[in-house]
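Peer 1: Residue numbers (the numbering used here): 132 to 225. We put the CB at the ideal spot given by N, CA and C, even for glycine. Small disclaimer: the values here were computed from a predicted structure and weren't measured.
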């Protein structure tokens, strides 16, 4: 919940107080912060005892958590796209 609150504050501050001319600098700062976050997560995982033993079960769980939303998205977006694009094509023919 704290992450969402901080993100919302950042969105509000960025929309109100950060000028458009800072866009390039802001993108670079975001990339650096993202890389730093990933590095810190890697360090934290590396310090875990028994990580090598847990890696197989963590990998399988991660795979399931990645694949299920993708399948759900495709199953939802595919018919919606056909329906919406079909409606657009029908309007053009008239």
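Look up residue 150 in the DSSP assignment and say whether it is helix, strand or coil.
Peer 2: Residue 150 falls in the coil class under three-state DSSP.
Peer 1: Hey, how far is the Cα of residue 171 from the Cα of residue 199?
Peer 2: Computed Cα separation, rounded: 27 Å.
Peer 1: Measure the Cβ-Cβ separation of residue 168 and residue 176 and say whether it is below 9 Å.
Peer 2: Against a cut-off of 9 Å, the Cβ pair of residue 176 and residue 168 comes out as no contact.
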